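**Q**
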Amino acid sequence: MKKLLGLVMSLAMVLSLGACSSSTEETGTYTPGTYTGEAQGYGGTVTVTITTDANQITEVTIEGPDETPTVGGAALEELINQIMEAQSTEIDGVSGATMTSNAVMSALESALNQAKGVEEEIAALTDGTYSATTTGYSWTGMISGDVTITDGKIADITITEEHESETGEIAQTAFDNMIPRIIENQSLATDVVTGATSTSNAIKDLVSQAIEQAGGKPSQWMTPVEKKTDTVTLEGYDVIVVGLGGSGILSYAAAAESGATVFGIEKAAKLGGQSATTTGPMVINSSAPAFEGVTFANPDDVYQTWIEYVESEEKADIIHEAVYNSGAYLDYYINNFGFEFEGMIMSFAKPEWSQFWTRYVGEDGTTNIFGPNKTYQFDRAMETAKAMNEKNDYMLELTAEELIMEDGAVKGVRAVSYDGTTYEIYGDSVILATGGYIGDAEMVEEYWGAMPNTVAATINDGAGIKMGLAAGGTTYMIGVDPMIHILQIPNMIKNNDLTADQKAILSALALVKGQTSVTVDGEALDPTLSEAMIPDYKYYVVYSEDEINSFKENGLPENFATATSMFMGQGGSFEVGTPVSDIDTILEVGMEYNNVLKADSIADLAEQIGCDEATLSATLGGNDTTYYAVICQGYTYGTVGGLDVDINMNVLTEDGTPIENLYAVGTDSMGVENIEGKPYTPWGGQAQSWTFVSGYLGGKAAAEYGLSK
Ligand SMILES: Cc1cc2nc3c(=O)[nH]c(=O)nc-3n(C[C@H](O)[C@H](O)[C@H](O)COP(=O)(O)OP(=O)(O)OC[C@H]3O[C@@H](n4cnc5c(N)ncnc54)[C@H](O)[C@@H]3O)c2cc1C
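Heads up: the sequence shown begins at 11 in my numbering, then just goes up one per residue.
Quick look at the structure:
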């Protein structure tokens with residue numbers, strides 16, 4: 011890779027020199043040509059490419075695919091204009107996007123030096139320990155770290171404060187893997203840990219800031235990291251499982267317990283996937299001691315309600331299994347693989363189903379709703395399952411890319427490890443368990459037509475569904491609306507531009523009930539809608555200037571008392587009735603991050619919302635004044651629809667024929683329990699229950715097929 015880069019650069023030099031000599035005696039500041047510099051931005055690598063003639067920059071492109079679209083992403087255009095105008099790195103940058111701006115300046119400097127033919131002097135680092143703070147994944151606080159430079163090299167990175175763990179365990183994989191890898195590679199071009207992109211980039215940013223403090227230039231620390239190119243072949247498995255989240259581990263376990271030899275492929279640096287962050291599954295008629303004394307919902311009632319909801323008996327056999335045997339499958343995993351649950355929660359659907367779904371026990375003994383720590387349950391199950399046959403194995407940080415097909419038949423899986431090694435893994439049957447397609451913007455656009463905000467793992471990018479389709483499978487109810495249980499402002503402010511208490515007020519302005527709320531069409535929002543049913547996953551809570559002034563003087567009224575987010579609270583609080591003297595600041599920062607619209611008339615507000623003025627005017631009672639509209643948006647948990655499967659979880663072709671050795675479980679096939687045009691069956695715990703039901707059925711069937719070969 012290094013060599014390739016060198017070649018491309020020298021080729022550029024030769025070409026530009028050629029251009030120089032042919033353009034007679036043209037001499038100037040630059041050797042005309044195209045030059046590229048890179049630096050670490052807010053969300054990842056920022057690349058600046060300039061084209062110059064002899065004296066000026068004639069074109070600039072900036073690529074920052076991982077910069078937050080609403081902040082750093084939007085800044086890129088403005089930065090291009092500034093560079094073209096200044097013709098140098100002496101630009102103002104964009105406020106609110108400091109990290110992106112700094113990265114652009116740094117990358118531009120590198121590109122300009124190349125254009126000038128200046129052999130960039132490597133800026134030596136002054137030894138010492140440098141402290142830095144940045145934003146990562148968490149919406150509850152920033153990350154701080156100390157970076158020690160010894161003998162001009164990155165010698166140590168210590169995280170001194172972090173809030174990432176409050177929002178899930180996945181961040182730990184970045185702390186565990188990024189830090190040693192950056193130190194080993196001495197490069198900010200070290201790949202992020204898959205599944206922990208934001209935390210990985212935050213660590214890189216801490217180092218980038220430290221390099222600057224030490225007198226260095228971050229753009230000089232982008233040495234490409236060489237990848238391996240070899241291919242390793244693994245053979246002789248009865249079952250291969252693609253994705254070791256909930257449903258993958260449960261199918262791996264069921265296959266292993268059947269006596270099959272199993273290989274598991276997991277893209278992330280940890281087991282458990284999204285399933286390790288969930289509350290738990292729905293369960294009916296379990297006989298496990300944990301559920302002693304529980305009054306389970308009546309399975310006949312649940313089954314009948316379900317069939318009526320999906321308006322079809324086409325998948326009645328599967329729904330029957332999911333209802334009548336949900337308890338039995340849970341018991342199987344409790345008894346054989348040590349899963350632990352405690353307590354029951356009521357169903358969202360019917361008050362009489364008062365004990366409907368249960369909660370995983372967390373490692374600290376609590377049954378928390380969101381966040382750490384349930385991975386240990388999945389780790390333990392994998393350990394037990396792996397030990398059932400000495401050939402059983404699995405790998406982390408291994409991304410399945412495609413099925414190996416021979417003569418139209420599935421023979422195995424081709425996967426690439428984070429270090430670049432390709433693995434060709436051959437087996438008799440393959441189970442797809444990659445957790446749906448929320449991370450693939452194109453699929454989301456194709457099946458829903460809009461990209462909602464999400465708290466789900468975008469690592470789940472439809473790989474399994476695409477593999478199933480490539481093997482001849484078809485989809486079932488793939489366009490079911492996403493799972494939505496959370497509402498919040500669209501752009502969480504992760505830095506300290508607002509205090510936690512100010513953030514709580516901003517969120518409350520979006521989450522409050524009983525305030526005029528309008529849809530994207532300017533109509534009044536139906537107050538009986540649940541978040542799962544919000545059209546376009548977004549609406550506006552509208553305040554007149556008088557109301558805002560009243561909040562400033564008299565505080566927030568009583569209906570704000572419960573306007574807090576259960577899932578995405580930011581650690582702050584407020585008291586009803588206490589004057590919000592800083593509400594102007596809160597709204598201004600809200601506007602800066604595109605969470606609040608300010609309009610000086612109904613016409614202006616209609617234009618900003620993009621709706622019909624007359625409709626909005628009717629909704630607002632025709633009162634033409636200054637308005638603040640706080641945006642409230644649904645955050646999805648993931649996708650629902652996927653591949654079509656039968657009761658064995660065999661992937662089906664369009665004419666309903668099973669692909670004999672290909673299976674799909676979990677959210678890769680959950681459309682079979684749902685119907686397009688309605689939210690996913692709103693009982694509560696259905697997706698997790700499906701990981702157990704489909705994991706068991708798919709694992710057993712794949713093992714039986716593999717063992718028969
Ligand atoms: C915050 C939150 C809370 C939730 N709470 C609940 C709840 O309480 N109850 C409920 O029923 N549902 C809940 N859900 C829904 C939840 O998404 C599903 O229940 C469940 O996780 C789906 O299991 P799965 O096995 O399909 O996906 P996952 O558990 O996410 O597993 C998919 C795995 O595949 C891996 N993978 C993806 N692509 C590849 C590839 N190419 N190669 C190799 N590996 C790959 C991923 O890294 C991941 O480990 C919640 C979701 C969220 C976001």
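Where a beta carbon is used, it is the ideal one built from N, C-alpha and C, also for glycine. For clarity, every value in this text was computed on a predicted model and none was experimentally measured.
What did DSSP end up calling Glu686 once you bin it into helix, strand or coil?
**A** Coil.
**Q** What is the DSSP secondary structure of Gly258, counted as helix, strand or coil?
**A** Three-state DSSP puts Gly258 in a helix.
**Q** Let's test the definition: count the other Cβ atoms within 10 Å of the Cβ of Leu539 and tell me whether it reaches 16, buried, or not, exposed.
**A** That one is exposed.
**Q** Which residues does DSSP pair with Val599 in a beta bridge?
**A** DSSP, once it has assigned bridges, lists no residue as partnering Val599.
**Q** Note down the Cα distance separating Ala443 from Met659, rounded to an integer number of angstroms.
**A** Those two C-alpha atoms are separated by around 11 angstroms.
**Q** Quick check on this structure: which residue in Val640, Gly489, Ala616, Ile441 has the alpha carbon closest to the alpha carbon of Ser704?
**A** It is Ile441.
**Q** In whole angstroms, give me the CA-to-CA distance for Asp536 and Leu566.
**A** Each residue's Cα considered, the two are about 23 angstroms apart.
**Q** What does Met415 pair with, by DSSP beta-bridge criteria?
**A** Note: Met415 sits in a beta bridge opposite Val420.
**Q** Among the candidates Thr691, Asn501, Leu260, Glu350, whose CA atom is the shortest distance from the CA of Leu707?
**A** The candidate whose alpha carbon is nearest that of Leu707 is Leu260.
**Q** Judging by CA-CA distance, which residue of Glu400, Thr431, Tyr436 is the nearest neighbour of Glu416?
**A** Comparing Cα-Cα distances from Glu416 to each of Glu400, Thr431, Tyr436, the minimum goes to Tyr436.
**Q** Would you mind giving the Cβ-Cβ distance between Ala121 and Tyr40, rounded to the nearest angstrom? I have them listed as a contact below 8 angstroms.
**A** Their Cβ separation, rounded to whole angstroms, is 10 angstroms, which puts Ala121 and Tyr40 out of contact at 8 angstroms.
**Q** Kindly indicate which three-state DSSP category Ser575 falls into: helix, strand or coil?
**A** It is coil, neither helix nor strand.
**Q** Could you tell me if the beta carbon of Ile90 falls within a distance shorter than 7 angstroms of some heavy atom in ligand 1?
**A** No, since every heavy atom of ligand 1 falls outside the 7 angstroms radius drawn around the Cβ of Ile90.
**Q** Assign Asp310 to one of two classes, buried (16 or more other C-beta atoms within 10 Å of its C-beta) or exposed (fewer than that).
**A** The residue in question, Asp310, is exposed, as its Cβ has fewer than 16 Cβ neighbours within 10 Å.
**Q** Quick one: is the Cβ of Asn470 within less than 7 angstroms of any heavy atom of ligand 1?
**A** Asn470: yes, Cβ under 7 angstroms from ligand 1.
**Q** Where does Trp367 fall in DSSP's three states?
**A** Reduced to three states, the DSSP call for Trp367 is strand.
**Q** State the DSSP-derived secondary structure class of Val7, mapped to helix, strand or coil.
**A** In the structure as shown, the chain begins at 11 and stops at 719. Residue 7 is therefore absent and cannot be evaluated.
**Q** Any heavy atom of ligand 1 within a distance shorter than 7 angstroms of the CB on Asp678?
**A** Correct: Asp678 has its Cβ closer than 7 angstroms to ligand 1.
**Q** Helix, strand or coil for Thr57? Go by DSSP, reduced to three states.
**A** It is a strand residue.
**Q** When the cut-off is 8 angstroms and only beta carbons count, does Asp592 lie next to chain C?
**A** The chain labelled as chain C is not found in the depicted structure, where only one protein chain is given.
**Q** Does Asp647 come out as helix, strand or coil in the three-state DSSP assignment?
**A** Residue 647 is actually Tyr in this sequence, not Asp. In the structure shown, Tyr647 sits in a strand (DSSP, three-state: E or B).
**Q** Identify, in the order they occur along the chain, each residue of the same chain with its Cβ nearer than 6 angstroms to the Cβ of Asn399, setting aside the five sequence neighbours on each side.
**A** Answer for Asn399: Thr271, listed in chain order.
**Q** State the start and end residues of the unbroken alpha helix (DSSP H) segment that holds Lys214.
**A** 207-223 is the extent of the alpha helix (DSSP H) around Lys214.
**Q** Along the alpha helix (DSSP H) that carries Glu557, what are the first and last residues, could you check?
**A** Note, Glu557: alpha helix (DSSP H), 555-564.
**Q** If you draw a straight line from the C-alpha of Glu412 to the C-alpha of Ala425, how long is it?
**A** The straight-line gap from Cα to Cα measures roughly 7 angstroms.
**Q** For the segment 120-178, list the beta strand (DSSP E) runs that are entirely contained and at least 3 residues long, ordered along the chain.
**A** Listed in chain order, they are 138-144, 153-160, 163-171.
**Q** Considering Cα atoms alone, identify which of Ala113, Ala395, Gly651, Asp201 is closest to Ile685.
**A** Per the Cα distances, Gly651.
**Q** Can you find a heavy atom of ligand 1 that lies under 7 angstroms from the Cβ of Ala520?
**A** Because no heavy atom of ligand 1 lies under 7 angstroms away, the Cβ of Ala520 does not count as near it: no.
**Q** When the Cα atoms are used, what is the spatial distance from Val730 to Arg191?
**A** Because the chain spans 11 through 719 in this model, residue 730 falls outside it and cannot be assessed.
**Q** Going by beta carbon distance, what residues of the same chain come within less than 7 angstroms of Leu662, once the five residues before and after it are set aside?
**A** Excluding positions up to five away in sequence, the list reads Gly483, Thr484, Asp654, Val655, Asp656, Pro668.
**Q** Leaving aside the five residues before and after Thr394 along the sequence, list all residues of the same chain whose C-beta is less than 6 angstroms from its C-beta, in chain order.
**A** Taken in chain order, the residues that qualify are Phe347.
**Q** For a test of your reading of the model: does the CB of Lys476 fall under 7 angstroms from any non-hydrogen atom of ligand 1? Yes or no.
**A** Not so, every heavy atom of ligand 1 lies at least 7 angstroms from the Cβ.
**Q** Please state whether DSSP places Thr99 in a helix, a strand or coil.
**A** It is coil, neither helix nor strand.
**Q** Looking only at C-alpha atoms, which of Lys277, Lys163, Glu194 sits nearest to Thr207?
**A** Nearest option by C-alpha distance: Lys277.
**Q** Three or more C-beta pairs closer than 8 angstroms, one from the segment 591-609 and one from the segment 621-629: is that the case here?
**A** Contact between the segment 591-609 and the segment 621-629 is absent, because fewer than three Cβ pairs lie under 8 angstroms.
**Q** Between the Cα of Asn470 and the Cα atoms of Thr168, Ser98, Gln284, Gly290, which residue gives the shortest distance?
**A** With distances taken between Cα atoms, Asn470 lies closest to Gln284.
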